[in-house]
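Colleague: Line by line, the protein sequences are chains A and B. The first sequence finishes on residue 135 if you use the working numbering, and the numbering steps up by one all the way, no holes. The second sequence finishes on residue 1208 if you use the working numbering, and the numbering steps up by one all the way, no holes.
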Amino acid sequence: MTNSDEDFAKKITTYLDQGAAGLKAGTAFRLQRAREAALARVGDPKRVPAPGLARSYALAGSGTVGGGGRFWASGKLWLGIVLIVIASLAYQQWQAWQQQLDIVETDAAILSSDLPIDAYLDRGFQAWLKHVGDD
Amino acid sequence: MPPVPRDPEAAQFSRRIPPLATFKEISAFLADVERRAFKQATFALRDDHSALDVVQDAMLKLTEKYSDKPAGELPLIFQRILQNTIHDHFRRQKVRTTWTTVLSALGRGDEKDDEFDPLETLRAKSDSNANADPAEQLEQAQIMRTIEQALSRLPARQREAFLLRYWEEFDVAETAAAMGCSEGSVKTHCSRAVHALAGILTAKGVKL
């Protein structure tokens, strides 16, 4: 690297400094807000816990030193996933059981009623039921 | 009062450990670097909103994970985080591009009006050449814009090397550490960047 290269680079950086100093007010304000948000997390992250979603995003950014590996290695994450899976399986089982119970109740009602079961297969009877329902 | 180590060797060792950055030092460092970091991200991403997101992410990562480092190490760590966050952004963008193109074809409205922010029309107070000759000011602004455009056109590694070495004033070894490459590569990237910039500026009729 020659001295003239260094001089040229210095001239360029002088202009870059000017550009950085003349940022739009909105941008400068947002940078300041970002800095304040970052400074609020200085020190022990446990002392100032990050909101769950925001923290996931920060960790998902990943490739940085320290990486996103920890995010997937976190026991709490896996515990959460297991709980969600168990809850959804339990809900599915409960729904199937409810459905079965409904069918049993309907069957019992049909079988124990005075009406012969063949009546339900009769088209005329269905038409009559509909007619009665409409009235 | 800090505990006094009994072992003289331990005492000597503890004296060698640089003091950790204080809250004030971290705050001052971020305030000093934030604008340059934003510009660096803008040169790479060519989008102010994404650049702001990237700088915010980098700042958060620094304070969350590395606030227990000595103040002297912060610039290098921050630059490493910033460069990695920019690369991560590119990676995520690549994945999103397919969906964005499909969705943008469907929903073309008057987004420009929604994105208008009156604050963006104002200049920051730190613009110190308010009393300068308007013609000169205009010329300076044009040169500045040309330089920024030229930097955006440089290959990513050349731009990174140039900005870290000359703008952040890292030495060759620090630049190499921040970029994760050899010192020889840094010198090559810097030299090529300088010549490429000189070529672009000469072609545009800009004399520094």
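For glycine and all other residues, C-beta sits at the position ideal for the given N, C-alpha and C. Computed from a predicted model, the values in this text were never measured in an experiment.
For B:Thr-1042, collect the residues of the same chain with a Cβ closer than 7 Å to its Cβ; drop the 5 residues on either side in sequence, then sort them by chain order.
Modeller: As a first step, residue 1042 of chain B must be located in the second sequence, where it is residue number 42. Hits under 7 Å: Asp-1048, Ala-1051.
Colleague: Identify the contact partners of B:Glu-1183 in chain A, using a Cβ-Cβ distance below 9 Å as the criterion.
Modeller: Taking the first residue of the second sequence as 1, we reach residue 1183 of chain B at position 183. What B:Glu-1183 touches in chain A: nothing, since even the nearest Cβ is about 12 Å away.
Colleague: Do B:Ala-1021 and B:Ala-1071 have their C-beta atoms within less than 8 Å of each other?
Modeller: The residue given as residue 1021 of chain B occupies position 21 in the second sequence. The residue given as residue 1071 of chain B occupies position 71 in the second sequence. Contact: yes.
Colleague: With C-beta atoms as the reference, is B:Gln-1040 less than 8 Å away from B:Leu-1082?
Modeller: To locate residue 1040 of chain B, count along the second sequence from 1; it is residue 40. To locate residue 1082 of chain B, count along the second sequence from 1; it is residue 82. Taking 8 Å as the Cβ cut-off, B:Gln-1040 and B:Leu-1082 qualify as a contacting pair.
Colleague: Would you say A:Thr-106 faces chain B, with C-beta separation under 8 Å as the test?
Modeller: If you number the first sequence from 1, residue 106 of chain A lands on position 106. By the rule that beta-carbons nearer than 8 Å mark a contact, A:Thr-106 does not touch chain B.
Colleague: Would A:Asp-122 be called buried (16 or more neighbouring beta carbons within 10 Å of its own) or exposed?
Modeller: As a working mapping, residue 122 of chain A is identified with position 122 in the first sequence. Per the 10 Å Cβ criterion, exposed.
Colleague: Compare the C-beta of B:Trp-1167 against all C-beta atoms of chain A and say whether one is closer than 8 Å.
Modeller: The residue labelled residue 1167 of chain B in the question sits at position 167 within the second sequence. Cβ-Cβ to chain A under 8 Å: yes for B:Trp-1167.
Colleague: Could you tell me the alpha carbon to alpha carbon distance between B:Ala-1193 and B:Ile-1077, rounded to whole angstroms?
Modeller: Along the second sequence, one-based indexing puts residue 1193 of chain B at 193. Along the second sequence, one-based indexing puts residue 1077 of chain B at 77. Computed Cα separation, rounded: 23 Å.
Colleague: With DSSP run on the structure shown, which of helix, strand or coil describes A:Lys-24?
Modeller: Along the first sequence, read from residue 1 onward, the residue named residue 24 of chain A stands at position 24. If DSSP states are grouped into helix, strand and coil, A:Lys-24 belongs with the strands.
Colleague: Along the chain, where does the alpha helix (DSSP H) that runs through A:Asp-134 open and close?
Modeller: One-based indexing of the first sequence puts residue 134 of chain A at position 134. Looking at the DSSP string, the run of the alpha helix (DSSP H) that includes A:Asp-134 is 123–134.
Colleague: Output the distance between the C-alpha atoms of A:Ala-25 and A:Leu-31, rounded to the nearest integer angstrom.
Modeller: Counted from its first residue, the first sequence places residue 25 of chain A at position 25. Counted from its first residue, the first sequence places residue 31 of chain A at position 31. Near 10 Å, if we compare the C-alpha coordinates of A:Leu-31 and A:Ala-25.
Colleague: Determine the direct distance from the alpha carbon of B:Ser-1067 to that of A:Val-42, and round the result to whole angstroms.
Modeller: Taking the first sequence and counting its residues from 1, the one referred to as residue 42 of chain A is at position 42. Taking the second sequence and counting its residues from 1, the one referred to as residue 1067 of chain B is at position 67. Going by the C-alpha atoms only, they are around 6 Å apart.
Colleague: Measuring alpha carbon to alpha carbon, tell me which residue in B:Glu-1025, B:Leu-1163, B:Arg-1046, B:Lys-1061 is nearest A:Ala-37.
Modeller: Here residue 37 of chain A refers to the residue found at position 37 when the first sequence is read from its first residue. Comparing Cα positions, the closest option is B:Lys-1061.
Colleague: Helix, strand or coil for B:Pro-1155? Go by DSSP, reduced to three states.
Modeller: Counting from one through the second sequence, the residue named residue 1155 of chain B turns up at place 155. If DSSP states are grouped into helix, strand and coil, B:Pro-1155 belongs with coil.
Colleague: Less than 6 Å between C-beta atoms, sequence neighbours within five positions excluded: which residues of the same chain meet that for B:Val-1172?
Modeller: Residue numbering aside, residue 1172 of chain B sits at position 172 when the second sequence is read from its first letter. Here the set comprises Glu-1183, Val-1186.
Colleague: The alpha helix (DSSP H) that contains B:Lys-1039, what's its start and end?
Modeller: Start at 1 with the first residue of the second sequence, and residue 1039 of chain B comes out as number 39. Start and end: 1023–1045.
Colleague: What residues from chain A crowd round B:Arg-1035, counting only those whose CB sits closer than 8 Å?
Modeller: Numbered from 1 along the second sequence, position 35 holds the residue referred to as residue 1035 of chain B. By Cβ distance, chain A contributes Ala-20, Ala-21, Leu-23, Ala-28, Leu-31.
Colleague: Where DSSP assigns a beta bridge to B:Leu-1020, which residues make up the other side?
Modeller: Position 20 of the second sequence, counted from the start, is the residue given in the question as residue 1020 of chain B. Bridge partners of B:Leu-1020: B:Pro-1070.
Colleague: Check each candidate in B:Arg-1145, B:Thr-1097, B:Ala-1178 and name the one with the smallest Cα separation from B:Arg-1165.
Modeller: Mapped onto the second sequence, residue 1165 of chain B falls at position 165. Looking at B:Arg-1145, B:Thr-1097, B:Ala-1178, the one whose alpha-carbon comes closest to that of B:Arg-1165 is B:Ala-1178.
Colleague: Going along chain B in order, which residues have a C-beta closer than 8 Å to the C-beta of A:Arg-123?
Modeller: As a working note, residue 123 of chain A is residue 123 in the first sequence. The contacting residues do not exist; A:Arg-123 stays about 49 Å from chain B at best.
Colleague: Can a CB atom of chain B be found closer than 8 Å to the CB of A:Asp-5?
Modeller: Stepping through the first sequence from its first residue, residue 5 of chain A is reached at position 5. So, interface residue.
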